[in-house]
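A quick write-up on the structure given underneath.
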Amino acid sequence: MSLPVIKRPHYHHLIKWMADKPQHIVMTADLTGSCEADGFRDTYPERYFSMGMAEQNMISAAGAMAREGFIPYLHTFAVFLTRRVFDQVAMSVAYPNVPVRLMGFLPGITTPGGVTHQAIDDIALMRVLPNMTVLDCADATQVEAVLDAANTIEGPVYIRMLRGEVVRIFPEGAPFPLHSLPILRRDPGAQILLLTEGICTEYGITATQSASLKDVPLIHANVAALKPFPEDALLELLAGITDIVVAENHSVIGGLGSIVCEVIASRGLPLRVHRLGLQDVYAHGASRAYLAHELGFDADGIEKALCDTLSKTACGGLDMRVEAVHSDAKAEGL
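Numbering of the sequence shown is given in the numbering used here, commencing with residue 1 and proceeding in unit increments.
Here is the structure:
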């Protein structure tokens with residue numbers, strides 16, 4: 001199945017969504033165009049603040065603005081909103097529980113910029129903070145819907161954002177799934193549950209449509225809310241399940257796989273959890289497609305994990321959509 005691709009959904013949606021919200025402001029850290037905030041800047045210059053290449057100062061200023069009744073939306077790369085400014089986020093945003101929205105672009109290996117730009121630990125860092133909500137976009141619909149979802153939350157929100165050319169998986173206009181796990185495939189008698197977040201959701205769709213898995217009963221669900229995690233929705237899917245395969249664009253330590261293991265262990269459930277992601281390693285400078293394949297969580301990697309769980313052979317060699325690293329949509333390039 002070929003999925004439609006939407007060009008710069010956040011850029012266009014942000015301008016329309018902000019039109020009737022005068023207390024909502026945007027801050028950037030010298031990456032305005034790279035984080036699709038240039039349209040907002042040009043449309044609402046009085047509500048736009050360029051804070052320069054000083055992310056720690058930007059976080060502190062955002063916390064102060066939030067205390068004065070504004071709702072700041074911070075646009076920069078995910079790694080600079082989490083690892084670089086962790087203490088400021090903890091003390092100026094999470095501890096006072098103020099409504100600052102951290103819009104983290106280029107999560108995980110969605111950039112060829114190497115280890116300095118790849119946020120492979122951002123979920124782990126943000127979910128450990130009290131009061132912090134953590135959300136993860138998988139497609140253009142969730143990119144558009146996440147602003148409405150964040151607007152319902154009183155405290156701080158960290159969002160893993162997608163930019164550039166983004167596939168549309170879910171129906172346009174569908175709400176962001178704060179308390180549910182959207183089902184992409186559900187077969188009667190399934191013993192395997194595939195859980196995917198972010199870019200891995202598209203990979204999961206390709207994997208589960210492969211010839212080797214076409215007639216295998218399984219469930220594939222997307223996880224968009226990482227904290228609070230929709231535990232009840234997960235438990236509803238587990239009847240008859242023996243194995244859970246988790247695919248994430250993040251370290252397997254502290255991310256979605258860890259969250260699932262925490263739920264399974266706390267409930268004392270006899271299930272095996274197989275975690276695909278960065279296996280306690282750093283990535284390096286290369287395209288998203290190359291890295292996801294090398295690290296084993298692209299469509300081929302997911303299919304192989306499902307086949308291994310089923311003791312099936314003859315898996316692999318799937319065709320995947322490949323984005324241009326450098327294009328006017330800035331899907332990957334810095």
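Where is the CB? At the ideal position from N, CA and C, for every residue including glycine. Note that the structure is predicted; figures quoted are calculated from it, not measured.
Along the beta strand (DSSP E) that carries residue i, what are the first and last residues, could you check?
i, result
"residue 72", "71–77"
"residue 247", "243–251"
"residue 7", "5–7"
What's the C-alpha gap between residue i and residue j?
i, j, result
"residue 310", "residue 278", "23 Å"
"residue 329", "residue 64", "33 Å"
"residue 120", "residue 73", "22 Å"
"residue 109", "residue 292", "7 Å"
"residue 249", "residue 6", "21 Å"
"residue 51", "residue 103", "15 Å"
"residue 99", "residue 133", "11 Å"
"residue 42", "residue 201", "33 Å"
"residue 256", "residue 49", "33 Å"
"residue 46", "residue 112", "34 Å"
"residue 96", "residue 81", "17 Å"
"residue 172", "residue 90", "35 Å"
"residue 129", "residue 187", "37 Å"
"residue 117", "residue 334", "9 Å"
"residue 287", "residue 306", "25 Å"
For the alpha helix (DSSP H) that residue i lies in, which residues bound it at each end?
i, result
"residue 120", "Counting along the chain, residue 120 falls outside any alpha helix (DSSP H), and DSSP gives it neither H nor E."
"residue 50", "Note, residue 50: premise wrong, no alpha helix (DSSP H); beta strand (DSSP E) at 48–50."
"residue 260", "256–267"
"residue 310", "299–310"
"residue 233", "231–236"
"residue 292", "288–295"
Which whole-angstrom value is the C-beta distance of residue i and residue j, which I expect to be below 8 Å?
i, j, result
"residue 127", "residue 226", "6 Å"
"residue 28", "residue 75", "5 Å"
"residue 163", "residue 10", "6 Å"
"residue 70", "residue 25", "5 Å"
"residue 297", "residue 203", "7 Å"
"residue 234", "residue 252", "Contact doesn't hold; Cβ gap of about 18 Å is too wide."
"residue 147", "residue 83", "Residue 147 to residue 83, Cβ: 24 Å. No contact."
"residue 193", "residue 237", "6 Å"
"residue 136", "residue 39", "No, residue 136 and residue 39 are not in contact; Cβ-Cβ is about 23 Å, not under 8 Å."
DSSP has residue i in a bridge; who is on the other side?
i, result
"residue 274", "245"
"residue 58", "DSSP lists no partner for residue 58."
"residue 84", "In the DSSP output, where bridge partners are listed per residue, residue 84 has none listed."
"residue 101", "73, 157"
May I ask whether a heavy atom of the ligand FAD can be found less than 7 Å away from the beta carbon of residue i?
i, result
"residue 115", "Only the bare structure without any ligand can be found here, which leaves the ligand FAD out of the picture."
**Report entry** Runs of alpha helix (DSSP H) wholly within the region 179–226 (minimum 4 residues, chain order)
**Finding:** 200–208
Query - In chain order, each beta strand (DSSP E) run of at least 3 residues that lies wholly inside the region 103–176 - result: 133–136, 157–161, 165–167
Query raised in the report: Which whole runs of the beta strand (DSSP E) in the region 23–48 are 3 residues long or more, in chain order?
Result: 24–28
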